[in-house]
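Asks: Chains E and C are the protein sequences, given in the same order. The numbers in the first sequence follow our numbering, run straight up by one, and end at 105. The numbers in the second sequence follow our numbering, run straight up by one, and end at 270. Positions of the beta carbon are idealized from the N, C-alpha and C atoms, including for glycine.
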Amino acid sequence: MNQVMEDDFQVIDNCLMIRLPEEIDHHRAGYISENADRHLMRSDVQNVVFDFENTRFMDSSGIGVIMGRYRKISCFGGKVYVVHADSQILRILRVSGLQKVVEIM
Amino acid sequence: MENEMEIIFDAVSDNEAFARVAVAAFVSNLNPTMEELADIKTAVSEAVTNSIIHGYENLYGYGRPGRCPADRKKTNEGKVRIRCVLEDDVLHIQVTDKGKGIENVEQAMEPLYTTKPELERSGMGFAFMEAFMDDLEVESTPGEGTVVSMTKKLGVSAWIDGKEQ
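1) Any idea what DSSP makes of M17(E), helix, strand or coil?
2) Is the shortest distance between the beta-carbon of A122(C) and the beta-carbons of chain E less than 9 Å?
3) Taking Cβ to Cβ, would you say C15(E) is nearer than 9 Å to V48(E)?
4) Give a yes or no on whether the C-beta atoms belonging to E252(C) and T201(C) are separated by under 9 Å.
5) Would you call R28(E) buried or exposed, if buried means 16 or more other Cβ atoms sit within 10 Å of its Cβ?
6) Please classify L217(C): is it buried, with 16 or more other beta-carbons within 10 angstroms of its beta-carbon, or exposed?
7) State the Cα-Cα distance for the pair K146(C) and N108(C), rounded to the nearest angstrom.
8) Counting contacts by CB-CB distance shorter than 9 Å, is Q99(E) in contact with chain C?
9) Looking only at C-alpha atoms, which of G97(E), G77(E), G78(E), I66(E) sits nearest to I24(E)?
10) Could you tell me which of F57(E), F50(E), V82(E) sits nearest to E151(C), measuring between CA atoms?
11) Check R56(E) in the structure and name its three-state DSSP category.
12) What are the residues in the region 20-49 of chain E lying within 9 Å of chain C by C-beta distance?
13) Can you look up Y165(C) in the DSSP assignment and give me helix, strand or coil?
14) Taking the DSSP output, what are the residues bridged to K258(C)?
15) Quick one: using the 10 Å Cβ neighbour count with 16 as the cut-off for buried, is Q88(E) buried or exposed?
16) For my contact list, T99(C) and G206(C) are in at a C-beta cut-off of 8 Å; report their separation, rounded to the angstrom.
17) Taking only three categories from DSSP, how would you classify M106(C)?
18) Examine chain E for any beta-carbon lying closer than 9 Å to the beta-carbon of M255(C), and answer yes or no.
19) Count the other CB atoms, across all protein chains shown, that sit within 10 Å of the CB of D44(E); report buried if there are 16 or more and exposed otherwise.
20) Is K257(C) buried or exposed, if buried means 16 or more other CB atoms sit within 10 Å of its CB?
21) Given a threshold of 16 other Cβ atoms within 10 Å of its Cβ, counted over all protein chains shown, does I12(E) qualify as buried or as exposed?
22) Below 9 Å between beta carbons: does that hold for G64(E) and S227(C)?
23) Taking the beta strand (DSSP E) that V210(C) belongs to, which residues open and close that run?
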């Protein structure tokens with residue numbers, strides 16, 4: 001459940017969809033970033049969508065993951081979207097100021 | 106009511122989840138709100154992660170079995186200690202490591218300041234601890250280690266959130 005699986009990363013049109021694990025901390029952030037970057041290089045991806053549907057916990061490591069992807073794609077006009085974030089995740093995004101650069105849906 | 110607990114564990118990233126869940130379980134009989142529990146877990150996670158990747162520079166730390174070279178094994182000698190004291194509805198958490206310490210605590214606590222941008226650390230650790238706890242104190246001696254003390258009063262978040270709207 002907490003393992004990041006290959007099918008959690010899917011490219012649909014020009015969007016990379018990332019289904020995030022239940023908990024995002026420093027321990028798992030590395031897997032997510034690495035896998036995401038592999039897909040970003042491999043395919044013709046413009047935007048990244050982070051799906052928080054299963055996520056109940058995130059700390060600043062998650063902010064690092066989102067910020068890192070944002071830096072990589074924003075210079076090519078790409079956007080970062082956050083979907084299905086619960087109130088706690090939204091709070092973290094608000095405190096970090098990330099809500100100003102990502103599109104929260 | 107007074108209650109106290111202490112845990113000591115290896116400074117490896119596998120233990121980050123254990124640490125925050127242990128602290129959350131410790132306060133659970135006070136019936137904290139989901140929000141308070143999440144705040145505490147986030148703050149503990151930040152403090153413990155700091156100890157592991159900065160204090161002990163456990164850089165490989167993605168918990169990938171077999172990936173870390175044998176000579177890196179010695180980084181696991183480091184331990185992180187968490188001490189929690191409950192005084193009625195006030196929770197004190199102390200996260201201690203005997204790592205390399207912080208040269209400039211003030212600078213380290215600045216939002217977005219990080220010494221490890223290559224690891225995609227956002228530099229928000231201390232800012233999160235400050236935001237989610239009521240009080241934060243950091244004492245550090247270079248070469249000897251760091252003590253992070255945090256305090257949170259439980260049972261007030263509903264009131265504060267009501268005021269925000």
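Replies: With the structure as the only source:
1) On the first sequence, residue 17(E) is found 17 positions in, with the first residue counted as 1. Reduced to three states, the DSSP call for M17(E) is strand.
2) Residue numbering aside, residue 122(C) sits at position 17 when the second sequence is read from its first letter. A122(C) counts as touching chain E.
3) On the first sequence, residue 15(E) is found 15 positions in, with the first residue counted as 1. On the first sequence, residue 48(E) is found 48 positions in, with the first residue counted as 1. Yes, the pair counts as a contact, with Cβ atoms nearer than the cut-off.
4) Counted from its first residue, the second sequence places residue 252(C) at position 147. Counted from its first residue, the second sequence places residue 201(C) at position 96. The amino acid occupying residue 252(C) in the given sequence is Val; Glu does not appear at that position. Going by C-beta atoms, V252(C) is nearer than 9 Å to T201(C).
5) To locate residue 28(E), count along the first sequence from 1; it is residue 28. So R28(E) ends up on the buried side.
6) In the second sequence, counting from the first residue as 1, residue 217(C) sits at position 112. Exposed: under 16 other Cβ atoms inside 10 Å.
7) As a first step, residue 146(C) is located in the second sequence; it is residue number 41 there, counting from the start. As a first step, residue 108(C) is located in the second sequence; it is residue number 3 there, counting from the start. Their Cα atoms are separated by approximately 19 Å.
8) In the first sequence, the residue the question calls residue 99(E) occupies position 99. The C-beta of Q99(E) comes no closer than 9 Å to any C-beta of chain C.
9) Position 24 of the first sequence, counting from 1, holds the residue named residue 24(E). Considering only alpha carbons, the answer is I66(E).
10) Taking the second sequence and counting its residues from 1, the one referred to as residue 151(C) is at position 46. Looking from the CA of E151(C), the closest CA among F57(E), F50(E), V82(E) belongs to F57(E).
11) For the purposes of this step, residue 56(E) is identified with residue 56 of the first sequence, where counting begins at 1. Coil, per DSSP.
12) Per Cβ criterion, the list reads E23, D25, H26, H27, R28, A29, G30, Y31, S33, E34.
13) Position 60 of the second sequence holds residue 165(C). Model confidence at Y165(C) stands at a pLDDT of 47, short of 50, so the residue's coordinates are unreliable and nothing is read from them.
14) Along the second sequence, read from residue 1 onward, the residue named residue 258(C) stands at position 153. V195(C).
15) As a first step, residue 88(E) is located in the first sequence; it is residue number 88 there, counting from the start. Q88(E) is buried by the Cβ-count criterion.
16) Given a span of 106 to 270 for chain C in the structure shown, any question on residue 99(C) remains unanswerable.
17) The residue you call residue 106(C) lines up with position 1 of the second sequence. In the structure shown, M106(C) sits in coil (DSSP, three-state: anything other than H, G, I, E or B).
18) Walking along the second sequence from the start, residue 255(C) turns up at place 150. Not one chain E Cβ lies under 9 Å of M255(C).
19) As a working mapping, residue 44(E) is identified with position 44 in the first sequence. So D44(E) counts as exposed.
20) Within the second sequence, the letter at position 152 stands for residue 257(C). Buried is the call here.
21) The residue given as residue 12(E) occupies position 12 in the first sequence. In the assembly as shown, I12(E) is an exposed residue. Its beta-carbon has fewer than 16 other beta-carbons within 10 Å.
22) Numbered from 1 along the first sequence, position 64 holds the residue referred to as residue 64(E). Numbered from 1 along the second sequence, position 122 holds the residue referred to as residue 227(C). At the C-beta level, G64(E) and S227(C) come within 9 Å of one another.
23) Reading the second sequence from its first residue, position 105 is the one you call residue 210(C). Looking at the DSSP string, V210(C) is not in any beta strand (DSSP E); the run it does join, the alpha helix (DSSP H), is 210-213.
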